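Start counting the sequence shown at 0; every next residue gets the next number (numbering that gives the first Met the number 0). Data block below; observations after.
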Amino acid sequence: MVEPMLVGERMRNMIVQVCIGSACHLKGSYDVIKTMQRVIEEDDLKNKVILKSSFCLGKCSDAVSVQVDEGPVDSVIPADAEAYLKRHLEVE
Ligand code: FES
């Protein structure tokens, strides 16, 4: 049965994948994930963002690799993780 309040609403979540491969792990993927988890909790974004870890996204030479939905693989340093997530939420 379809929930009446959900009819017509956008059901799609933003999927954020953070690489935990060895190169990204060394560059702080744990800190990126912890920061994003904190933002999701504090801003009550659990219904908007699905945060996942991922194996190598093929861009090991820069900072921590992060991919939003099917977008490009970006390089994110832990200190920019909050701003990165919020920037993507603004354009959603
Ligand atoms: S280990 Fe993260 S992109 Fe390769």
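Ideal placement from N, C-alpha and C gives every residue a C-beta, glycine not left out. This structure is a prediction, so every number in the text was calculated from the model and none was measured.
*Enumerate in chain order the residues of its own chain whose CB-to-CB distance from LYS45 is below 7 Å, with the five nearest sequence positions on each side excluded.*
Result list for LYS45: ILE39, in chain order.
_Distance CB(VAL31)-CB(ALA82) smaller than 8 Å_ = Not a contact, by the Cβ cut-off of 8 Å.
*Do you know offhand how far LEU56's Cα is from ASP73's?*
Taken atom to atom, the span from the alpha-carbon of LEU56 to that of ASP73 is near 10 Å.
*asked:* Among CYS18, MET13 and ARG11, whose alpha-carbon lies nearest the alpha-carbon of SER110?
replied: The question about residue 110 has no answer, for the chain in this structure spans 0 to 91.
*One or two residues paired with ASP73 in a DSSP bridge*: ASP73 pairs with VAL65.
*Nearest to VAL75 (by Cα), restricted to the options LEU84, HIS87, ALA62 and ARG86*: Selected option, being the one with the closest Cα: ALA62.
*Using three-state DSSP, classify ILE19 as helix, strand or coil.*
Coil, per DSSP.
*Nearest-angstrom Cα distance between LYS58 and PRO71?*
Spanning the alpha carbons of LYS58 and PRO71 requires a straight line of approximately 10 Å.
*Evaluate LYS51 with the Cβ neighbour count: other Cβ atoms within 10 Å of its Cβ, from every protein chain shown; 16 or more gives buried, anything less gives exposed.*
Exposed, since its Cβ has fewer than 16 Cβ neighbours within 10 Å.
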